[in-house]
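**Student:** Residue numbers (full-length UniProt numbering), protein chains in the order written: chain A, 1 to 284; chain B, 1 to 284; chain C, 1 to 284; chain D, 1 to 284. Pasting a structure here, questions to come.
4 protein chains.
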Amino acid sequence: MKRIIVLINCNDRQGIIASVTNFIQKQNGNIVYIDQHVDRENLMFFMRLECEFAKATFSVEKFEENFAESFSEKFNMNWQLFDADIKPKMALFVSKYEHCLYDILSRYSANELDVVIPLIISNHPDLEHIANSFNIPYYYIKVTKDTKKVAEDLQLKLLQEYKVDFIVLARYMQIISSKLIEDYTNHIINIHHSFLPAFPGAKPYHSAFERGVKIIGATSHYVTEDLDEGPIIEQDITRVTHTNTIKDFILKGKDLEKIVLSRAIKLHTKRKVMVYKNKTVVFI
Amino acid sequence: MKRIIVLINCNDRQGIIASVTNFIQKQNGNIVYIDQHVDRENLMFFMRLECEFAKATFSVEKFEENFAESFSEKFNMNWQLFDADIKPKMALFVSKYEHCLYDILSRYSANELDVVIPLIISNHPDLEHIANSFNIPYYYIKVTKDTKKVAEDLQLKLLQEYKVDFIVLARYMQIISSKLIEDYTNHIINIHHSFLPAFPGAKPYHSAFERGVKIIGATSHYVTEDLDEGPIIEQDITRVTHTNTIKDFILKGKDLEKIVLSRAIKLHTKRKVMVYKNKTVVFI
Amino acid sequence: MKRIIVLINCNDRQGIIASVTNFIQKQNGNIVYIDQHVDRENLMFFMRLECEFAKATFSVEKFEENFAESFSEKFNMNWQLFDADIKPKMALFVSKYEHCLYDILSRYSANELDVVIPLIISNHPDLEHIANSFNIPYYYIKVTKDTKKVAEDLQLKLLQEYKVDFIVLARYMQIISSKLIEDYTNHIINIHHSFLPAFPGAKPYHSAFERGVKIIGATSHYVTEDLDEGPIIEQDITRVTHTNTIKDFILKGKDLEKIVLSRAIKLHTKRKVMVYKNKTVVFI
Amino acid sequence: MKRIIVLINCNDRQGIIASVTNFIQKQNGNIVYIDQHVDRENLMFFMRLECEFAKATFSVEKFEENFAESFSEKFNMNWQLFDADIKPKMALFVSKYEHCLYDILSRYSANELDVVIPLIISNHPDLEHIANSFNIPYYYIKVTKDTKKVAEDLQLKLLQEYKVDFIVLARYMQIISSKLIEDYTNHIINIHHSFLPAFPGAKPYHSAFERGVKIIGATSHYVTEDLDEGPIIEQDITRVTHTNTIKDFILKGKDLEKIVLSRAIKLHTKRKVMVYKNKTVVFI
């Protein structure tokens, strides 16, 4: 069987669910999962479908054509189609912190992630030995004020060469260029080491310590032009006390960061995240 | 508009979703929410629909008739229909602990619960003053070894008189009779003061303390013949340390109990819980 | 036995613990609990002691005198002494929300809180019936732009008359005056319905919804001149999803607010909170 | 400065804290941290001290001698002394699961753990490549019914050769021999993949799925003769829903297991865990 994931987004109106499910049936498809959400305030409709079709007779192109004909205009619908059997290509950007990298790669080697990781890009040479031990090409591209433009071009070229579908910033300590954000809108996942919107920007653990909070957090979000203000995919928290130093905050935070980031990656690769109005619908 | 909730449960097979959504549309209904689940292991299908119909033309009886005709046989389907505007009648059973009772009644008086509470039944007179302050009839029915049968008959009579839909045991410290369980299958909600299946039966906080656990819990479940083994609706936990005494466990546990029980009540009244194989599907 | 709680705060230096414990022993006291903390960054020392003395021979005045003589100067020590058997007097300030009030009063009636509640003050008459059912005097003091000064004077007068030790703002929707804050420095406990420092000020649930966070929180803190920026005593969180409306946020938040506020009250009344540099040391 | 950790355990009686702190001061030591606990039910006293001494004049042997003289008899005291600068030697036992191993080793390489890992022992050859990439000797010791005794002897010999202080079973899927448990009483840390005491023994995720729980957990404990019944060091949990399959339970559980196990290792190596009556006092 061929498994297809369809994501739909349009203004809410009567009859969408029935029309779409009916369409799938007429294409001889079987709906395996259906998730749906309506934002009542903004009257927006969201749906995620997993459908199965007989491999012999199913053609993605034909399905897309028929789907577009039936719905694109009628419901003014945005939709995306994914072949569930094709693993997306994920590029990792890292700097010097190794915890997220190790965590992602150990999941990868245990076949826990439905992705292909064709390359790792870093602005530091420090973590190359880890990439090597997992047999993944590691590109050290130095980023300084002067080389920033050249570095970005090099990054983009690599991403194109490797046909990268989405990017994960696994504690990559650099601002991402507008060009890259534009090319990969809602396809760059960052992990920020605070419970956003509290403590955006640099040194959030220091700020959290200074403020005397009793809970710290981590936030995974899609990168937008506004630093740490993109659509939030996943968050989690852990307790801290007055006995914890900033160093303790950082250590506890590392565990949060790697777990939260990996959850976001899984949600993204399973096509369970839909973005609108700088927020996410996350089907779980 | 008339809002109807439909719960469906049958063996999984191709085309159910499309058939049902199509049916709703043909009845001039609009599907507002759809939740669906397939248990792949047992090949069981579950669906919850919220639909809206024009009040003027809609008849529950006619809908039920048409639905039965279309599906009952074809898919060997179990289904239930609820009018979303009719609040179910909930009886409270209490003993001497007041925390769950106060919590439920304060939510009730703040219109947080979509129920009617026609009566409170207790095997002790202690909490009558609370019932009084909320203007709810309180029936003190003493339960001893000798009076058990008489007491149960009296309880059943009251439940019938008040047309009670479901029962909440808000720390009612008595075993429920088979007759009552049978009459209210999957309609008696209990709160057990442990993280089931750990520590079933009496004095779970004492057992948890003895075992030296670092986390305690509370579990809300439907009552079955097997003590503390019914289908779990909701659970939650809180941390404890070596500094906590049994008394601390009990105090911390009270907060868990009331929160978990109220969540279970809300899920039940919104028809979001479906039971099968001694487990629950909880649509959230 | 007489039980005494001593809180100590001074610059860190060698020998404090040994000196103080030695002193207690020489006063024929037995140390039942000792908690200590050093802030290495600021070189501040904190200690909480619970000690027992023979009732017949112990005099608080004598102890204080001896303590002052031995330590106040030598270590430049701030210290406070509490008789563990005297329950502090707690005033409740409320507006229209009832969930925190019910929660606190039901704990109070179950003897869960080691306080006396001599009065409830409100800027609305709505919750008087609840105060009545618990037999606690309820003072409705209207607060408008014009009456603000008069209202505050009346509040202060009542607090003095009832010899109130500390104040709990149980969702009191008014800014507290500087005079009151000054008189009750670190003795006014507020519950803010967000995970501070995220979403200070008005309508935090609306802001949280707008931002698309996946977790909401509540924060209990001491009130200072800077709105929602006082020392944090306790925080907790709960998960939300895209399916939750603002109304859901508010309902989920209510459960957080009441639990977090009651934890803060307990910590305060057990003298487990020490304030410095706008942060708290919370001994648990 | 020389930093020393002292753990004390004895029957509770008046004056212990003052006596010990006084003793430290007379030895010209400075108490940096003090943690203390009294089990009121069993009248047991526990204390953990961190003290600093001038390196030039301090002798561990002399200190131990003086300490024993002053307290061992007087208070019938059990006590242990640790040089905070000496890292304990930790042996890892693994089978085929790699998540805990990767997690521990990545922390180790980031200098997050205050241990030395001289060797890894496994009953399978599968994870040798991971050990190699971290340059740690890997001993593959096959364990079958017939070779069990020989294998254990070999294990013990290696542990002695490498002067191992404590053992971590990082999902080692074998029962540990009585001899090993005896030699390393309260020095073998296991991670069990359930929220003990629920679901001890084999296949806990399957049992949890079957029971329909809404929360799963992981438990780290010291190994005793009674399977999964040793003193609990740390536990944590995560939510599951009806949509999760057993495979999902296992994946979610892996994240719990590695986090909980690493927390237990850190607590143990910082000498923050004291065992009595099959429970733990964990100073945090």
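Glycine residues also receive a C-beta, built at the ideal position from the N, C-alpha and C atoms.
#1: In angstroms, rounded to a whole number, what distance separates the CA positions of residue 146 of chain D and residue 166 of chain B?
#2: Assign residue 129 of chain A to buried or exposed, taking buried as 16 or more other Cβ atoms, counted over all protein chains shown, within 10 Å of its Cβ.
#3: Should residue 106 of chain D be labelled buried (16 or more other beta-carbon atoms within 10 Å of its own) or exposed?
#4: Can you give the beta carbon distance from residue 117 of chain C to residue 81 of chain C, rounded, assuming they're within the 8 angstroms contact cut?
#5: Residue range of the beta strand (DSSP E) that residue 239 of chain B falls in?
#6: Beta carbons nearer than 9 angstroms to chain A: which residues of the region 96-117 of chain D have them?
#7: Which ranges would you report for the alpha helix (DSSP H) in the UniProt domain "ACT" (5-88) of chain D if only whole runs of at least 4 residues count?
#8: Would the beta-carbon of residue 211 of chain D fall within 8 angstroms of that of residue 95 of chain D?
#9: Compile a chain-ordered list of the residues in the region 173-201 of chain B whose CB is closer than 8 angstroms to at least one CB of chain D.
#10: Would you identify the three-state DSSP class for residue 208 of chain A, choosing helix, strand or coil?
#11: Could you give the DSSP three-state label for residue 198 of chain C: helix, strand or coil?
#12: So residue 30 of chain D and residue 64 of chain D are supposed to be a Cβ contact under 8 angstroms. How far apart are they, rounded?
#13: Distance check for residue 76 of chain A and residue 60 of chain A, CA to CA, integer angstroms please.
#14: Between the Cα of residue 283 of chain C and the Cα atoms of C/123, C/38, C/205, which residue gives the shortest distance?
#15: Output needed for residue 267 of chain D: all residues of its chain with C-beta closer than 8 angstroms, excluding positions within five of it in sequence on either side, in chain order.
#16: When you compare the CB positions of residue 252 of chain A and residue 241 of chain A, do they come within less than 8 angstroms of one another, or not?
#17: Return the chain-ordered ranges of every beta strand (DSSP E) run that is complete within the region 108-172 of chain A and spans a minimum of 3 residues.
#18: Quick one: residues in its chain with C-beta nearer than 8 angstroms to the C-beta of residue 11 of chain D, no 5 flanking neighbours on either side, listed in chain order?
#19: Who are the near neighbours of residue 294 of chain D in its chain, counting only those whose CB is closer than 6 angstroms to its CB and skipping five residues on each side?
#20: Mind listing the chain B neighbours of residue 212 of chain D? Cutoff is C-beta to C-beta under 7 angstroms, in chain order.
#21: Any C-beta of chain D sitting closer than 8 angstroms to the C-beta of residue 43 of chain A?
#22: I'd like to confirm something about residue 154 of chain A: is its beta-carbon nearer than 7 angstroms to some heavy atom of the ligand COA, or not?
#23: Closer than 8 angstroms by beta-carbon distance: list the chain D residues that pair up with residue 49 of chain A, in chain order.
#24: Counting only beta-carbon separations shorter than 8 angstroms, does residue 133 of chain A have a partner in chain D?
#25: Do residue 231 of chain C and residue 185 of chain C have their beta-carbon atoms positioned less than 8 angstroms apart in this structure?
#26: Count the other C-beta atoms from every protein chain shown that fall within 10 angstroms of the C-beta of residue 202 of chain B, then say buried if there are 16 or more, exposed otherwise.
#27: What would DSSP say about residue 94 of chain D, mapped onto helix, strand or coil?
#28: Quick one: which residues of the region 232-249 of chain A get their C-beta closer than 7 angstroms to a C-beta of chain B? List them in chain order.
#29: In chain A, what lies closer than 8 angstroms to residue 40 of chain C by C-beta?
#30: Looking at the unbroken alpha helix (DSSP H) that takes in residue 246 of chain B, where does it start and where does it end?
#31: Quick one: does residue 255 of chain D have its CB under 8 angstroms from some CB of chain A?
#32: State the Cα-Cα distance for the pair residue 277 of chain C and residue 9 of chain C, rounded to the nearest angstrom.
#33: Determine which residues share a DSSP beta bridge with residue 102 of chain A and list them.
#34: Which residue marks the beginning of the beta strand (DSSP E) containing residue 220 of chain A, and which one marks its end?
#35: Drop a sphere of 10 angstroms on the beta-carbon of residue 57 of chain B, count the other beta-carbons inside from all chains shown, and report buried for 16 or more, exposed for fewer.
#36: List the residues of chain A that residue 17 of chain B touches, going by C-beta distances under 8 angstroms, in chain order.
**Tutor:** The answer reads as follows:
#1: Position 146 of the fourth sequence, counted from the start, is the residue given in the question as residue 146 of chain D. Position 166 of the second sequence, counted from the start, is the residue given in the question as residue 166 of chain B. Going by the C-alpha atoms only, they are around 59 angstroms apart.
#2: Position 129 of the first sequence, counting from 1, holds the residue named residue 129 of chain A. Looking at its Cβ environment, which holds fewer than 16 other Cβ atoms inside 10 Å, residue 129 of chain A is exposed.
#3: One-based indexing of the fourth sequence puts residue 106 of chain D at position 106. Burial is judged here by how many other beta carbons sit within 10 angstroms of a residue's own beta carbon; residue 106 of chain D has at least 16 and is buried.
#4: Reading the third sequence from its first residue, position 117 is the one you call residue 117 of chain C. Reading the third sequence from its first residue, position 81 is the one you call residue 81 of chain C. Not confirmed; about 24 angstroms, so no contact.
#5: For the purposes of this step, residue 239 of chain B is taken as residue 239 along the second sequence, with counting starting at 1. Counting along the chain, the beta strand (DSSP E) containing residue 239 of chain B begins and ends at 232-239.
#6: Considering only beta carbons, the part of the region 96-117 of chain D lying closer than 9 angstroms to chain A consists of 97, 98, 99, 101, 102, 103, 105, 106, 107, 109, 110, 112, in chain order.
#7: Correct list: 16-26, 60-67.
#8: The residue given as residue 211 of chain D occupies position 211 in the fourth sequence. The residue given as residue 95 of chain D occupies position 95 in the fourth sequence. For residue 211 of chain D and residue 95 of chain D, no; Cβs fall outside 8 angstroms.
#9: Correct list: 195, 196, 197, 198, 199.
#10: For the purposes of this step, residue 208 of chain A is taken as the residue at position 208 of the first sequence. In the structure shown, residue 208 of chain A sits in a helix (DSSP, three-state: H, G or I).
#11: The residue labelled residue 198 of chain C in the question sits at position 198 within the third sequence. Residue 198 of chain C falls in the coil class under three-state DSSP.
#12: For the purposes of this step, residue 30 of chain D is taken as the residue at position 30 of the fourth sequence. For the purposes of this step, residue 64 of chain D is taken as the residue at position 64 of the fourth sequence. With a Cβ gap of about 18 angstroms, residue 30 of chain D and residue 64 of chain D do not count as contacting.
#13: As a first step, residue 60 of chain A must be located in the first sequence, where it is residue number 60. As a first step, residue 76 of chain A must be located in the first sequence, where it is residue number 76. Spanning the two alpha carbons is a distance of roughly 21 angstroms.
#14: Here residue 283 of chain C is taken as the residue at index 283 of the third sequence, counted from 1. Closest option to residue 283 of chain C, Cα to Cα, is C/38.
#15: Stepping through the fourth sequence from its first residue, residue 267 of chain D is reached at position 267. So the qualifying residues of the chain are 233, 234, 273, 282, 284.
#16: The sequence position of residue 252 of chain A within the first sequence is 252, counting from 1. The sequence position of residue 241 of chain A within the first sequence is 241, counting from 1. Going by C-beta atoms, residue 252 of chain A is not nearer than 8 angstroms to residue 241 of chain A.
#17: Taking 3 residues as the shortest admissible run, the region 108-172 of chain A contains the following complete beta strand (DSSP E) segments, listed from N- to C-terminal end: 120-122, 138-140, 166-169.
#18: Numbered from its first residue, the fourth sequence carries residue 11 of chain D at position 11. So the qualifying residues of the chain are 43, 44, 45, 75, 76.
#19: In the structure displayed, chain D extends from 1 to 284; residue 294 of chain D sits before or after that span and is not available.
#20: If you number the fourth sequence from 1, residue 212 of chain D lands on position 212. The contacting residues are 231, 232, 278, 279, 280.
#21: Working through the first sequence from its first residue, we reach residue 43 of chain A at position 43. Among the CB atoms of chain D, none fall inside 8 angstroms of the CB of residue 43 of chain A.
#22: This structure lacks the ligand COA, and indeed carries no ligand of any kind.
#23: As a working mapping, residue 49 of chain A is identified with position 49 in the first sequence. Neighbours of residue 49 of chain A on chain D: none; closest Cβ ~15 angstroms, over 8 angstroms.
#24: The sequence position of residue 133 of chain A within the first sequence is 133, counting from 1. Yes, residue 133 of chain A counts as interfacial toward chain D.
#25: Locating residue 185 of chain C in the third sequence gives position 185, where the first residue counts as 1. Locating residue 231 of chain C in the third sequence gives position 231, where the first residue counts as 1. Taking 8 angstroms as the cut-off, the Cβ atoms of residue 185 of chain C and residue 231 of chain C do not count as close.
#26: Reading the second sequence from its first residue, position 202 is the one you call residue 202 of chain B. Residue 202 of chain B is exposed by the Cβ-count criterion.
#27: By one-based count along the fourth sequence, residue 94 of chain D stands at place 94. Strand, per DSSP.
#28: So nothing in the stretch comes that close.
#29: Indexing the third sequence from 1 puts residue 40 of chain C at position 40. The answer, in chain order, is 245.
#30: Within the second sequence, residue 246 of chain B is the residue found at index 246, counting from 1. Residue range 246-269 is occupied by the alpha helix (DSSP H) that includes residue 246 of chain B.
#31: Counting from one through the fourth sequence, the residue named residue 255 of chain D turns up at place 255. Yes, because at least one Cβ of chain A sits closer than 8 angstroms to the Cβ of residue 255 of chain D.
#32: On the third sequence, residue 277 of chain C is found 277 positions in, with the first residue counted as 1. On the third sequence, residue 9 of chain C is found 9 positions in, with the first residue counted as 1. The straight-line gap from Cα to Cα measures roughly 12 angstroms.
#33: Residue mapping note: residue 102 of chain A aligns to position 102 of the first sequence, counting from 1. None; residue 102 of chain A has no bridge partner.
#34: As a working mapping, residue 220 of chain A is identified with position 220 in the first sequence. 215-222 is the span of the beta strand (DSSP E), which, as asked, contains residue 220 of chain A.
#35: Here residue 57 of chain B is taken as the residue at index 57 of the second sequence, counted from 1. Residue environment analysis places residue 57 of chain B among the exposed positions, since fewer than 16 neighbouring C-beta atoms fall within 10 angstroms of its C-beta.
#36: What you label residue 17 of chain B is simply residue 17 of the second sequence in a count that begins at 1. Near residue 17 of chain B (Cβ distances below 8 angstroms), the residues of chain A are 21, 31, 34.
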